[in-house]
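Numbering (this note's numbering), first residue to last: 20 to 250.
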């Protein structure tokens, strides 16, 4: 049986009250001399052999009967506006099933509602301009290359501090800070710490861009069947 228990949680130096679900029959604490099958020992990865031998099946490896392929045409500029777009040549290519742009798609909110999935205002290199659905990857690629887009290149800055200045080019109507303002977190009293410190060093520090190692080869497969839609 589950019961709700009121507790207090601390996040970044701030306390708040919240409710947590608690099982009546709680797991007994582990004893120091207790031995386990998995905890504390080496465990063989179940999918390890398939991955190192190239037999693992990933999303892009899935091939269903009659499956179509979708590809995006993406913006080549850091900031631009679409003046016109012509997809007629792409639509006439045999094997092309559909071409979607801002002209024939609903305004689907994107990026926390700050833009749309298909929009005339383009805010970064790689933003979606058009989407092609075709019978195979080669046809989809040909269709992308057949789409004509006239862009108006707009001013941009890449330095975050410059982007926060009032006179900086506006990427979003509400400003360039995602979410409308900076996120501030504090713990304790920084002012008191500075006053009591023996030495205070003030400077500006910058780090190089850092990315984690995930390849993030984005993709998905969706198909309709008698039970509904599986993605």
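Ideal Cβ placement from N, Cα and C applies to all residues, glycine included.
Please read these numbers as outputs of a predicted model, since none were measured by experiment.
Item	Value
Tell me where the alpha helix (DSSP H) around residue 165 begins and ends.	Where residue 165 is concerned, there is no enclosing alpha helix (DSSP H), given that its DSSP letter is neither H nor E.
Which of the three DSSP states, helix, strand or coil, is assigned to residue 105?	strand
Would you report the Cα separation of residue 123 and residue 41, rounded to the nearest angstrom?	50 angstroms
With respect to the beta strand (DSSP E) encompassing residue 117, which residues constitute its N-terminal and C-terminal limits?	115-119
Can you confirm whether the region 67-76 touches the region 138-148 when touching is taken to mean that 3 or more C-beta pairs between the two stretches lie within less than 8 angstroms?	no
By how many angstroms is the C-alpha of residue 112 removed from the C-alpha of residue 119?	15 angstroms
So residue 71 is in the alpha helix (DSSP H); what residue range does that whole segment cover?	67-71
Would you mind giving the Cβ-Cβ distance between residue 166 and residue 104, rounded to the nearest angstrom? I have them listed as a contact below 8 angstroms.	7 angstroms
Please work out which residues of its chain come closer than 8 angstroms, Cβ to Cβ, to residue 83, disregarding the five sequence neighbours upstream and downstream, and give them in chain order.	240, 242
Distance check for residue 27 and residue 208, CA to CA, integer angstroms please.	21 angstroms
Kindly identify the DSSP beta-bridge partner or partners of residue 147.	93
Quick check: what's the CA-CA separation for residue 88 versus residue 156?	6 angstroms
Work out the CA separation of residue 127 and residue 47 for me, nearest whole Å.	49 angstroms
What does DSSP give as the partner residues of residue 135 in its beta bridges?	128
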